[in-house]
Amino acid sequence: MSEKVVLAYSGGLDTSVAIRWIKEKYGMEVITLTADVGGDRDLGATQQKALDVGAIKALVVDAKKTFIEHFVFPVLQADAVYQGAYPLATALSRPLIAKLMTEAARSEGASAIAHGCTGKGNDQVRFDVAAAALAPHLKVVAPAREWGMTREETIAYAQKYGIPVPVTSASPYSIDENLWGRSVECGVLEDPWVEPPEDAFEWTRSPQDAPDQPHYVEIGFEKGIPTSLDGRRMDGVDLVREINGLAGKHGVGRIDHIEDRLVGIKSREVYEAPAAVVLLAAHKALEAMTLSRDQLRFKQMVAAEYADLVYNGLWFSSMHQDLAAYVQSSQRYVTGQVRLKLHKGSCTVVARRSPYSLYRHELATYEEGDLFDQSASPGFIQIWGLSVRVQAQAQPEESMADEGP
Ligand code: ARG
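In terms of our numbering, the sequence shown opens at residue -5 and continues consecutively.
See below:
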């Protein structure tokens, strides 16, 4: 009996060719696994295609709820955004898909897993490292890393074996999408001096064509998790989906970024992530009101570390567990509502409230009812500035007397 391999299958050209190629090159039987993480595809057709191309079994797993609850929301709570720009949609789906593949390998008695990633990107690292952490006994087969075919050669290979070449491979872009965002690369986008053409976008309207009237949304959070939209309690998957639609319509969520891949390449990436942009802005606004200055400052450092480790494929690591524990703890009072205005590509927080707010009107006000004791300030400043006064006296700096340091 030949060995079995579980292949992560998107239904696209590369992974379809991979089914045939693995059979031919390795003599393995291919079981495909297609994870539904909220991309807009006909999964029944994808499943049938896998079988038509030669898979012995085609698994489809609805992973939307797990994706949102165990991958997306913890990262929202962390405010993790790679290099200050990329909300990590693709990066987050990989460890989940890898986990589903190792589970399928176990239940199907497969000795290997496979993916269609090339040797130049981050996704290969994410799949391989996740598999190494979860199921070190499994081999990893990565055909596109080995076969060295150009796009044209891949199409020729497909035609030779009667593998349907999808219309989408005529699309000039390479696209990956899930509920947290849509990643677009290749084609004219490879020239960083070219503005992304309108056809690169699918989820967002061009801000100039967005409605002239702003749209307000109110998002409710409980312990850092978004649980309601405009006062309606909603399940995470539905909430993210609905905000993607609303914000996309108002042109919110386009991101154009020169990004540093783990393998050392700078690449031009375009993203559409309307819900991520809105929810991150709302969540940060609520934290600004419910966390202390020290918590906020420290949490920003955690967010940067968190984003890097997710991007770099270290989801299943002890470092992640430790950071996640801090993030969870930090969220215990991040409960309340945030109002935002969506208008022609912008998303602006306009109001926030929380039962645990640290904002005190009687301290902040310049009007009637001020409780802040201004007479205590000179003494505070006296001590706060003490070391500066001592140093200025003992070590006079010429330059400070002129324009400053
Ligand atoms: N650069 C992003 C990342 O590494 C997205 C890659 C997505 N792939 C694609 N085919 N567009 O997470």
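By construction, the Cβ of each residue, glycine as well, lies at the ideal position given by its N, Cα and C atoms.
Which residue's Cα is closest to the Cα of residue i: the options?
i	options	result
Phe366	Ala85, His355 and Gly373	His355
Asn172	Arg145, Gly330, Leu132 and Trp197	Trp197
Ser222	Pro186, Ala276 and Pro201	Ala276
Val183	Tyr265, Ala92 and Leu37	Val is not the amino acid found at residue 183; the sequence shown has Leu there. Ranking Tyr265, Ala92 and Leu37 by Cα distance to Leu183 puts Tyr265 first.
Arg199	Glu(-3), Glu140 and Ala267	Ala267
Val343	Ser351, Tyr350 and Leu334	Leu334
Ala74	Ser381, Tyr305, Phe374 and Trp378	Tyr305
Asn238	Leu256, Val211 and Ile219	Val211
Leu233	Gly245, Pro81, Gly214 and Gln77	Gly214
Ala57	Lys51, Tyr76 and Ala92	Ala92
Val11	His209, Ala150 and Val321	Ala150
Arg120	Leu303, Gln315 and Ala44	Leu303
Gly48	Val69, Gln315 and Tyr3	Tyr3
Leu82	Ala152, Leu274, Leu27 and Asp288	Leu274
Gln202	Leu317, Lys243, Val321 and Glu146	Lys243
Met22	Met(-5), His251, Arg35 and Ile259	Met(-5)
Pro89	Lys43, His109, Asp36 and Leu70	His109
Leu336	Pro205, Asp34 and Gln294	Pro205
Arg347	Ala370, Gln376 and Leu280	Leu280
Phe195	Ser177, His209 and Val332	Ser177
Ile252	Asp34, Gly78 and Arg35	Gly78
Ile259	Val54, Gly5, Asp36 and Asn116	Asn116
Lys217	Gln385, Pro349, Asp34 and Gly32	Pro349
Val257	Ile25, Gly5, Thr9 and Gln118	Gln118
Asp193	Gly181, Trp187 and Asp185	Gly181
Asp34	Arg235, Thr144, Glu189 and Ala127	Arg235
Gly5	Ile169, Arg383 and Gln294	Ile169
Since residue i contacts residue j with CB under 8 Å, what's their CB separation in whole angstroms?
i	j	result
Ala72	Val296	7 Å
Phe61	Ser87	7 Å
Arg14	Ile107	About 17 Å; that fails the 8 Å criterion.
Ile249	Tyr80	7 Å
Thr284	Leu352	6 Å
Leu45	Ala39	Not really, about 11 Å apart at Cβ, beyond 8 Å.
Trp174	Val66	5 Å
Ala138	Thr112	5 Å
Glu263	Glu179	6 Å
Thr28	Val54	5 Å
Leu70	Ala99	30 Å between Cβ atoms; not a contact.
Trp309	Ala124	6 Å
Hey, would you say the C-beta of residue i is under 8 Å away from at least one heavy atom of the ligand ARG?
i	result
Arg248	no
Ile259	no
Gly181	no
Thr28	no
Ile13	no
Asp117	yes
Val178	yes
Thr148	no
Arg227	no
Glu196	no
Thr84	yes
Tyr300	no
Arg255	yes
Tyr305	yes
Glu263	yes
Tyr3	no
Tyr20	no
On the DSSP bridge assignment, give the partners of residue i in chain order.
i	result
Arg248	Glu266
Gly103	Answer is none; Gly103 lacks a bridge partner.
Asn306	Partner(s): none; Asn306 has no beta bridge.
Thr26	Leu1 and Ala52
Ala345	Arg333
Gly214	Ser222 and Gln331
Lys133	Ala106
Asn172	Gly175
Asp254	Lys260
Tyr80	Tyr76
Arg227	Ser222
His209	Leu336
So is the beta-carbon of residue i under 8 Å away from any non-hydrogen atom of the ligand COA?
i	result
Ile169	By its list of ligands, the structure shown excludes the ligand COA, since it contains just the ligand ARG.
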